[in-house]
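Participant:
There are 2 protein chains.
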Amino acid sequence: MLIVQKYGGSSVADPARMENVARRVLSARLGGHDVVVVVSARGNTTDRLLDEAQKTNPGAAKREVDMLLATGEQCSCALLAMMIQGMGHSALSLNAYQAGITATSAHMSARIKSIDAHRIKAELDSNQIVIVAGFQGVNRRGDVATLGRGGSDTTAVALAAVLHADICEIYTDVEGVYSADPRIVTTAVKLPEISYFEMLELASLGANVLAKRSVGLAKKYGVRLVVKSSMKDCEGTVVKEEAKMEGIYISGVAVDKDIVRVSISGVKDEPGVWFKVFSIMNRDNIAIDFIQQVRHDDGTKDITFTVAKDEVEGAITALNGSTHRLGFNSVSHCGGIAKLSVVSTGMATNPGVPSMMFEALFDAGINIDSISTSEIRASVLIDTAEADRAANLVHEKFRNGKYIMG
Amino acid sequence: MLIVQKYGGSSVADPARMENVARRVLSARLGGHDVVVVVSARGNTTDRLLDEAQKTNPGAAKREVDMLLATGEQCSCALLAMMIQGMGHSALSLNAYQAGITATSAHMSARIKSIDAHRIKAELDSNQIVIVAGFQGVNRRGDVATLGRGGSDTTAVALAAVLHADICEIYTDVEGVYSADPRIVTTAVKLPEISYFEMLELASLGANVLAKRSVGLAKKYGVRLVVKSSMKDCEGTVVKEEAKMEGIYISGVAVDKDIVRVSISGVKDEPGVWFKVFSIMNRDNIAIDFIQQVRHDDGTKDITFTVAKDEVEGAITALNGSTHRLGFNSVSHCGGIAKLSVVSTGMATNPGVPSMMFEALFDAGINIDSISTSEIRASVLIDTAEADRAANLVHEKFRNGKYIMG
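Protein chains in written order, with the numbering used here: chain Y, 24 to 429; chain A, 24 to 429.
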């Protein structure tokens with residue numbers, strides 16, 4: 024069997040943890056498998072390097088920031104290779120140049136274009152445990168480009184796809200994918216399995232277990248993913264095409280507090296307004312949700328929507344730069360809101376699922392600001408202060424009704 | 024003019040020092056020159072990384088150690104590029120892959136094989152200040168190999184040779200090449216110029232201003248070197264084919280305390296012994312000096328020679344591994360000795376130079392253990408405890424006789 028394993032920064036943060044990772048890698052190897060390992064930079068290395076770049080030049084070219092950041096993964100994969108060698112096994116580390124990972128030129132948010140895996144295959148053939156630096160690729164100019172958030176997960180899934188790995192194991196500091204964030208919802212349970220679709224919704228809903236793009240890539244290439252703990256020996260969560268689903272199961276209740284509401288006032292009430300708003304946001308790759316509008320008698324309207332907290336600055340800038348296209352009086356934004364979502368592929372054919380969420384919130388006297396739904400999720404916007412209590416109540420409601428598989 | 028500048032680790036050890044380097048680079052740029060900069064890893068980064076490798080696995084494959092070490096220079100060149108950008112100028116950093124530096128496969132002591140400078144030239148043509156990571160090359164397998172001691176100096180000289188640079192400036196924490204180590208000899212003076220030959224002797228005699236191999240490379244390709252201070256604005260020392268030399272000038276008095284005497288006892292007194300000793304040492308690239316032998320009546324002899332302190336272990340191992348070739352009773356080594364040398368190209372035609380050294384030592388009652396001379400240097404082995412005093416007295420003797428150009 025060929026196994027791709029990915030370990031995040033916290034799993035290799037110090038020598039003791041890295042040794043634990045080395046043992047885990049060896050256990051797969053000693054089980055007779057070929058193993059390719061993808062590692063992130065240790066602990067808070069990436070943040071530390073970003074901070075250094077920021078202090079050196081707040082406006083540093085992203086190309087240079089990438090040169091700096093990429094060293095984090097190069098260090099961790101070299102050290103892990105040394106540690107495995109110290110345990111008496113053959114291992115070698117590969118940076119993006121050596122691993123043949125080609126990326127787009129978008130520094131700090133590059134995408135993997137292709138992987139020339141001949142070196143990796145040759146090393147596997149000579150019985151090496153191959154350790155690849157996550158989060159990085161080489162662009163057309165021959166420069167290092169980092170892959171942005173969730174980059175190492177993406178490296179692992181892309182390698183698993185190209186190598187036709189039997190499984191891609193994503194090791195994290197949690198034990199798998201939960202029906203809700205266990206830090207918030209006390210009765211959250213670990214799911215034995217989940218579909219790509221559901222995982223995609225959960226990944227984009229603030230359940231930070233797996234990066235959304237890596238799930239999308241896994242779905243595209245049919246890579247079987249397992250999310251599991253790097254600390255404990257226990258079954259994780261399998262992410263695959265179709266999860267077992269007799270009856271209606273809720274895959275998760277998610278809370279996202281990192282959202283901000285953007286309000287545009289005095290927009291002319293005429294056709295094409297929303298098209299313009301979407302196209303302005305799309306240009307900068309900013310996703311919007313919870314769209315609302317209020318018409319006024321004077322032929323204008325106010326429109327609001329939500330964006331991720333770290334994109335609000337870009338959104339405001341983009342809007343202000345487009346006043347000529349989209350006539351309006353002013354743009355403002357405010358926080359204090361949270362998105363509470365329920366995800367279930369069974370929802371498409373069963374409208375009872377959203378109703379149960381609304382009922383739980385109603386019973387608790389929690390006000391719903393607005394609602395947004397897709398085929399497999401239902402989300403409500405509520406006051407941030409109520410978010411955790413609401414998540415617990417909604418989760419409890421579904422759990423009592425045996426809608427959560429755990 | 025095309026200038027290659029090299030800055031060592033101490034010159035970029037902290038943000039303030041790096042800013043000073045950035046200003047120096049810009050001053051050359053604003054003088055209308057094309058500038059290629061080579062930087063070492065900051066401060067004690069390389070030692071810190073080596074220590075980390077050692078702790079992770081004392082027997083780590085050198086290939087992996089190189090993966091780790093190479094990040095030091097990648098960080099410093101990225102940060103310097105950012106800093107220069109912050110001052111409003113175009114700059115970009117290049118690691119060994121990007122700079123096209125090909126090296127041999129000998130990890131941790133690789134040699135530069137060739138440089139494909141097309142990327143560097145293209146960046147210079149687009150008015151970039153190009154900052155190259157020193158100390159590293161890419162070997163035939165596509166792996167990073169570091170260049171060993173003096174590696175960044177060598178990178179700078181090799182780039183200057185390939186780019187046909189007008190000058191290669193080596194910035195250090197001293198002001199140039201001195202007639203003796205100013206920390207030891209109080210009356211040492213900075214030399215305005217020195218020949219490659221003399222610099223080669225001084226570099227191998229413990230005057231750690233320039234790595235010997237970089238001087239050899241500069242000589243081979245006729246690269247005009249200047250050694251100067253990264254802190255103070257003052258003339259440095261020019262290293263070139265033939266230094267001005269009317270009359271006899273002493274280029275330097277050097278003290279090397281990092282040597283050890285190796286003694287082999289009970290060697291059969293027959294032809295070929297020294298050939299064997301040299302060939303055993305050559306195999307591991309170990310230079311030997313101060314060769315002596317004492318014949319015994321029983322048909323055996325004891326032989327002694329000196330090696331650099333950090334090569335003594337290798338020397339002893341090599342000898343013990345060759346007992347079948349070179350019959351002997353035992354090998355031992357002892358320290359406590361220092362090499363005091365005088366370097367002058369004028370010496371070849373003027374035997375008075377060594378005599379003056381011997382006279383100074385005789386006057387001071389310092390015992391000479393043994394003597395070794397070449398065309399342009401005369402060295403004596405003395406007690407370490409006397410070394411500094413001896414260096415001062417010998418330097419003073421030459422200075423008083425106006426043999427030192429300052």
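C-beta atoms are modelled at their ideal positions from N, C-alpha and C, and glycine is treated no differently.
1) With a cut-off of 8 Å, do at least 3 Cβ pairs link the segment 89-98 of chain Y to the segment 208-225 of chain Y?
2) So if I threshold CB-CB distances at 7 Å, which residues from the segment 89-114 of chain A count as touching chain Y?
3) Return the CA-CA distance between A:D292 and A:M90, expressed in angstroms with no decimal places.
4) Return the CA-CA distance between Y:K85 and Y:R236, expressed in angstroms with no decimal places.
5) Counting only Cβ pairs nearer than 8 Å, list the residues of chain Y close to A:S116.
6) What residues are listed by DSSP as bridge partners for A:L363?
7) Identify whether Y:E192 lies in helix, strand or coil by the three-state DSSP scheme.
8) Could you tell me the alpha carbon to alpha carbon distance between A:T368 and A:K242, rounded to whole angstroms?
9) Take A:V290 as the anchor and find which of A:I273, A:V317, A:M131 has the nearest alpha-carbon.
10) Between the Cα of A:N373 and the Cα atoms of A:G350, A:H347, A:R400, A:V354, which residue gives the shortest distance?
11) Reducing DSSP to helix, strand and coil, say where A:R40 ends up.
12) Please list the residues of the segment 73-86 of chain A that have a C-beta atom closer than 9 Å to any C-beta atom in chain Y, keeping them in chain order.
13) If you reduce the DSSP assignment to three classes, tell me which class Y:V290 lands in.
14) For the segment 144-153 of chain Y and the segment 61-69 of chain Y, state whether three or more C-beta atom pairs, one from each stretch, are separated by less than 8 Å.
15) Check for me: the beta strand (DSSP E) holding A:D312 runs from which residue to which?
16) Helix, strand or coil: how does DSSP classify Y:S175 here?
17) Of all Cβ atoms in chain A, is any one closer than 7 Å to the Cβ of Y:Y30?
18) Cβ of A:Q159 less than 7 Å from any chain Y Cβ?
19) Check whether the segment 119-135 of chain Y touches the segment 166-176 of chain Y, counting contact only when three or more Cβ pairs, one atom from each stretch, lie closer than 8 Å.
20) Considering only DSSP beta bridges, list what A:C357 is partnered with.
21) For A:T340, count neighbouring Cβ atoms within 10 angstroms of its own Cβ and tell me buried if that reaches 16, exposed if not.
22) Under a Cβ-count criterion, where at least 16 other Cβ atoms within 10 Å of its own Cβ denotes burial, should Y:C357 be classed as buried or exposed?
23) Determine the burial state of Y:L53: buried for a count of at least 16 other Cβ atoms within 10 Å of its Cβ, exposed for fewer.
24) Please report the straight-line C-alpha distance between A:G109 and Y:T79, rounded to a whole angstrom.
25) Could you tell me which of A:R164, A:V366, A:V300, A:L416 sits nearest to A:H130, measuring between CA atoms?
26) Taking DSSP as the reference, what is the three-state secondary structure of A:Q151?
27) If you reduce the DSSP assignment to three classes, tell me which class A:V376 lands in.
28) Please confirm whether A:F381 and A:I287 have their CB atoms less than 7 Å apart.
29) In the DSSP assignment, the alpha helix (DSSP H) including A:Y272 goes from what residue to what residue?
30) Quick one: which chain A residues come within Cβ less than 7 Å of Y:G435?
31) Is the CB of A:Q121 under 7 Å away from at least one CB in chain Y?
32) So the beta strand (DSSP E) Y:G160 belongs to, where does it begin and stop?
33) Say whether chain Y places a C-beta atom closer than 7 Å to the C-beta of A:G458.
34) When you compare the CB of A:G165 with every CB in chain C, is at least one pair closer than 7 Å?
35) Since A:S253 and A:S34 are thought to touch, with beta carbons under 8 Å apart, how far apart are those beta carbons, to the nearest angstrom?
36) Report yes if the C-beta distance between Y:A45 and Y:M105 is below 7 Å; otherwise report no.
Facilitator: So, to answer that:
1) no
2) M90, L91, T94, Q97, C98, A101, L102, A104, M105, M106, Q108, G109
3) 48 Å
4) 21 Å
5) E87, M90
6) A:V278, A:V403
7) strand
8) 15 Å
9) A:V317
10) A:R400
11) helix
12) E75, A76, K78, T79, N80, P81, G82, A83, A84, R86
13) strand
14) no
15) 312-318
16) helix
17) no
18) no
19) yes
20) A:R284
21) exposed
22) exposed
23) exposed
24) 8 Å
25) A:R164
26) coil
27) helix
28) no
29) From DSSP, A:Y272 is part of no alpha helix (DSSP H); its letter is neither H nor E.
30) Outside the shown range of chain Y, which is 24 to 429, sits residue 435 of chain Y, and nothing can be said about it.
31) yes
32) 159-161
33) One cannot answer for residue 458 of chain A here, as it falls past the ends of chain A, which runs 24 to 429.
34) Looking for chain C here will not work: the only protein chains present are Y and A.
35) 4 Å
36) no
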